[in-house]
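Engineer:
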Amino acid sequence: MEEQEGKYLKEKLFNIKRNGWDRIKEEEKEAIYKYANEYIYYINKSKTEKEIAENSKEILIKNGFCDLAEKEELHPGDKVFFVNKRRSLFAAVIGEENVDSGLNVIAAHSDSPRIDLKQNPLYEDDDLALFKTHYYGGIKKYQWTNIPLSMHGLVVKPDGERININIGENEEDTVFTISDLLPHLAGEQLERKLKDGIQGEELNVLVGSIPYSDETVTERVKLNILKLLNEKYGLTEIDFTSSEIEFVPAMKARSLGLDASMVGGYGQDDKACCYAALRGILNVFIPRRTAICVLIDKEEVGFNGTTGMNSRLFDTFVSELLNKTGNNYPNALERTFSKSVVISADVDAAYNPNFAQTYEKNNVAKLNKGVTIVKYGGVRGKSGASEAPCELVANLRNIYDKAGVKYQSSELGKVDKGGGGTISLCFANRGMDVIDSGIPVMGMHSPFEITSKYDLYQAYKGYEAFYKS
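As structure tokens, this is what we get:
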């Protein structure tokens, strides 16, 4: 009797974190795999922030959203979006309550760590043509060598002509790479600390080896590469000055594991949350409060710039909603923000058993345990953190519980092992209640990140429930 009572009491009182695949119904399992397949398709098409904005815009239009500029007035149930400089996107569904009564916002970031070209990138060294690069975001540089890379970007000429580049994603395309040193000759390199195994100025992308046929000129391989770029895109060397060209892994995202329970692929930080936030708002029709989806650029480099969350373009978007619903007046924006609630939808570090010593097991996110709730981030003594009040945590728990969403609480790692921040601080500084809630990722910031299909689906369900709350 006491054994049964103890079992009952433990079930009632303990926070038991079960594997989400246990006790799952077959129809939900099918829904999870269907969602994951659609997610994989999305991230394979959307490897850069510009592609996220463009592809997300297409999805919104197919689901009844229109450009905010097309609407003179807004009414409950209206669905609108605004694209900021082709790099970030805001979408809204107008609620029954006035906009100044507060918003339900979910914000994810569309940029991921990558390799950017320098402004004068192309050079020749001993009959090889290479690109000089400057890495973007926090990466382990050695992970980016000897893997196939694809070239994505935009070149704008002085006359305004825009040239889009995408090489390496199709099976028939050529690809690129950053070549590392062979182990037979790497004795000196192997004496370096791991973080310096590959240095920033060694991240040079190999792009060609055939010389131009005229033997009377110098730098013939470089010339031949420029000739090919000129023939295909009309580019000259100076056009790199007004370009944004990125190199990302050419590998496709795909199912992972014998049971296909996971997704492996590039850029899941934070495209996993982008897709969940986007898909969630598609299912919102006339919410109680106006629901907003934010897909924002520049998170990986500090939130700044006109397309980052520290800019005022989000404020402008909300001001337009106030204008077009007839709710604008002095201090209306500040009042709206003070009554708003935000989910900062960013991924969290998933427990990796190969490096168990890095995590504090009671407070680490784990694959297959659901979407995370992160009360605070920051570094060491919560430096740079935005900490959610306990009332907000309780409110989000209530929303997830009612929707049958599985969730787990977590923080990034052991207290003095590192840390990190999200765009939550940008919203908190506007006077908005904000909490981080995202998807656990193993191998974050690597060229091949790992997520659980179960967790991906729980985030989608949770975000939809939040929009509708």
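Sequence positions in the sequence shown follow our numbering and run 911 to 1379.
Note that beta-carbon positions come from the ideal geometry of N, C-alpha and C, so glycine has one too.
Being a predicted model, the structure only gives us computed values, none of them experimental.
(1) Helix, strand or coil, according to DSSP, for Ala1018 in the structure here?
(2) For Val1131, report the span of its alpha helix (DSSP H) as first-last.
(3) Count the other CB atoms, across all protein chains shown, that sit within 10 Å of the CB of Arg1391; report buried if there are 16 or more and exposed otherwise.
(4) Where do the N-terminal and C-terminal ends of the alpha helix (DSSP H) with Glu940 fall, by residue?
(5) Give every residue of the same chain whose Cβ lies closer than 6 Å to the Cβ of Glu938, excluding the five residues on either side of it in the sequence, and list them in chain order.
(6) List, from N- to C-terminal side, the beta strand (DSSP E) runs of 3 residues or more that fit wholly inside the stretch 1304 to 1357.
(7) May I ask you to report which of helix, strand or coil DSSP gives Thr958?
(8) Would you say Ile1004 and Leu1188 are within 9 Å of each other, going by their C-beta atoms?
(9) Flag this pair as yes or no: are the beta carbons of Glu1154 and Asp1026 separated by less than 9 Å?
(10) Please name the residue in Ala1186, Gly1218 and Ile1073 whose C-alpha comes closest to that of Glu948.
(11) By the DSSP assignment, the alpha helix (DSSP H) with Phe1247 in it spans what residues?
(12) Taking the alpha-carbon positions, what's the Asp1090 to Leu1032 distance?
(13) Measuring straight from C-alpha to C-alpha, what distance separates Glu940 and Ser1171?
(14) DSSP three-state label for Ala1260, please.
(15) So, with DSSP's three-state summary, where would you put Thr1043?
(16) At what residues does the beta strand (DSSP E) containing Leu1166 begin and finish?
(17) Since Tyr1052 is in the alpha helix (DSSP H), which residue starts that stretch and which ends it?
(18) Which word fits Cys976, buried or exposed, when buried means at least 16 other C-beta atoms lie within 10 angstroms of its C-beta?
(19) Give every residue of the same chain whose Cβ lies closer than 7 Å to the Cβ of Gly974, excluding the five residues on either side of it in the sequence, and list them in chain order.
(20) With C-beta atoms as the reference, is Lys1378 less than 9 Å away from Ser1165?
(21) Less than 9 Å separating the beta-carbons of Gly1107 and Ala1039?
(22) When you compare the CB positions of Asp1207 and Asp1346, do they come within less than 9 Å of one another, or not?
(23) Going by Cα to Cα distance, which pick from Pro1350, Val1066 and Asn1074 is closest to Lys1316?
(24) So what does Glu1034 bridge to, in DSSP terms?
(25) Let me know the secondary structure DSSP gives Lys917 once reduced to three states.
(26) Cβ of Leu1205 within 9 Å of Cβ of His1062?
(27) Would you call Gly916 buried or exposed, if buried means 16 or more other Cβ atoms sit within 10 Å of its Cβ?
(28) Leaving out the 5 sequence neighbours to the left and right, which residues in its chain are closer than 6 Å to Ala1242 when beta-carbon positions are compared?
(29) Taking the alpha-carbon positions, what's the Lys1371 to Cys1183 distance?
(30) Taking DSSP as the reference, what is the three-state secondary structure of Ala1160?
(31) If I'm right that Ala1298 touches Lys1285 with Cβ under 8 Å, what's the distance once you round it to whole angstroms?
Structural biologist: On the basis of the data shown:
(1) Start at 1 with the first residue of the sequence shown, and residue 1018 comes out as number 108. The answer is strand: DSSP assigns Ala1018 an E or B state.
(2) As a working mapping, residue 1131 is identified with position 221 in the sequence shown. Element bounds for Val1131: Arg1130 to Tyr1143.
(3) The structure shown does not extend to residue 1391, since the chain is modelled only from 911 through 1379, so no value can be given for it.
(4) Position 30 of the sequence shown, counting from 1, holds the residue named residue 940. Taken as a continuous stretch (DSSP letters only), the alpha helix (DSSP H) holding Glu940 covers Glu936 to Lys955.
(5) Start at 1 with the first residue of the sequence shown, and residue 938 comes out as number 28. Contacts found: none.
(6) 1317 to 1319 and 1343 to 1346
(7) What you label residue 958 is simply residue 48 of the sequence shown in a count that begins at 1. Coil at Thr958, not helix or strand.
(8) Walking along the sequence shown from the start, residue 1004 turns up at place 94. Walking along the sequence shown from the start, residue 1188 turns up at place 278. For Ile1004 and Leu1188, no; Cβs fall outside 9 Å.
(9) As a working mapping, residue 1154 is identified with position 244 in the sequence shown. As a working mapping, residue 1026 is identified with position 116 in the sequence shown. Yes, Cβ-Cβ distance for Glu1154 and Asp1026 is below 9 Å.
(10) Here residue 948 refers to the residue found at position 38 when the sequence shown is read from its first residue. Minimum Cα distance to Glu948 is reached at Ala1186.
(11) Here the question's residue 1247 lines up with position 337 in the sequence shown. Run containing Phe1247: Ala1242 to Ser1248, per the alpha helix (DSSP H) assignment.
(12) For the purposes of this step, residue 1090 is taken as the residue at position 180 of the sequence shown. For the purposes of this step, residue 1032 is taken as the residue at position 122 of the sequence shown. Roughly 19 Å separates the two Cα atoms.
(13) Along the sequence shown, one-based indexing puts residue 940 at 30. Along the sequence shown, one-based indexing puts residue 1171 at 261. Per the coordinates, the alpha-carbon of Glu940 lies some 12 Å from the alpha-carbon of Ser1171.
(14) As a first step, residue 1260 is located in the sequence shown; it is residue number 350 there, counting from the start. Strand.
(15) For the purposes of this step, residue 1043 is identified with residue 133 of the sequence shown, where counting begins at 1. Strand.
(16) Residue numbering aside, residue 1166 sits at position 256 when the sequence shown is read from its first letter. For Leu1166, the enclosing beta strand (DSSP E) stretches over residues Arg1164 to Leu1166.
(17) The sequence position of residue 1052 within the sequence shown is 142, counting from 1. Neither: Tyr1052 is in no alpha helix (DSSP H) and is coded neither H nor E.
(18) Here residue 976 refers to the residue found at position 66 of the sequence shown. Residue environment analysis places Cys976 among the exposed positions, since fewer than 16 neighbouring C-beta atoms fall within 10 angstroms of its C-beta.
(19) Counted from its first residue, the sequence shown places residue 974 at position 64. Around Gly974: Lys989.
(20) On the sequence shown, residue 1378 is found 468 positions in, with the first residue counted as 1. On the sequence shown, residue 1165 is found 255 positions in, with the first residue counted as 1. Their beta carbons are not under 9 Å apart, which means Lys1378 does not touch Ser1165 by this criterion.
(21) In the sequence shown, counting from the first residue as 1, residue 1107 sits at position 197. In the sequence shown, counting from the first residue as 1, residue 1039 sits at position 129. Not closer than 9 Å, so no.
(22) Taking the sequence shown and counting its residues from 1, the one referred to as residue 1207 is at position 297. Taking the sequence shown and counting its residues from 1, the one referred to as residue 1346 is at position 436. Contact flag unset, no.
(23) For the purposes of this step, residue 1316 is identified with residue 406 of the sequence shown, where counting begins at 1. Of Pro1350, Val1066 and Asn1074, the residue nearest in Cα terms is Pro1350.
(24) For this step, residue 1034 is matched to residue 124 along the sequence shown. Its beta-bridge partners are Ala1039.
(25) Reading the sequence shown from its first residue, position 7 is the one you call residue 917. Looking at Lys917 - three-state DSSP - the assignment turns out to be helix.
(26) As a first step, residue 1205 is located in the sequence shown; it is residue number 295 there, counting from the start. As a first step, residue 1062 is located in the sequence shown; it is residue number 152 there, counting from the start. No, the pair does not count as a contact, with Cβ atoms beyond the cut-off.
(27) On the sequence shown, position 6 is the one that residue 916 refers to. Exposed: under 16 other Cβ atoms inside 10 Å.
(28) Start at 1 with the first residue of the sequence shown, and residue 1242 comes out as number 332. Excluding five sequence positions before and after Ala1242, the CB atoms of its chain that fall closer than 6 Å to its own CB belong to Asp1010 and Leu1232, given in chain order.
(29) As a position in the sequence shown, residue 1371 is number 461, starting the count at 1. As a position in the sequence shown, residue 1183 is number 273, starting the count at 1. When rounded, the distance between both Cα atoms is 12 Å.
(30) Here residue 1160 refers to the residue found at position 250 of the sequence shown. Of the three classes helix, strand and coil, the one that applies to Ala1160 here is coil, per DSSP.
(31) If you number the sequence shown from 1, residue 1298 lands on position 388. If you number the sequence shown from 1, residue 1285 lands on position 375. Between Lys1285 and Ala1298 the Cβ distance is about 5 Å, and since that is below 8 Å, they are a contact.
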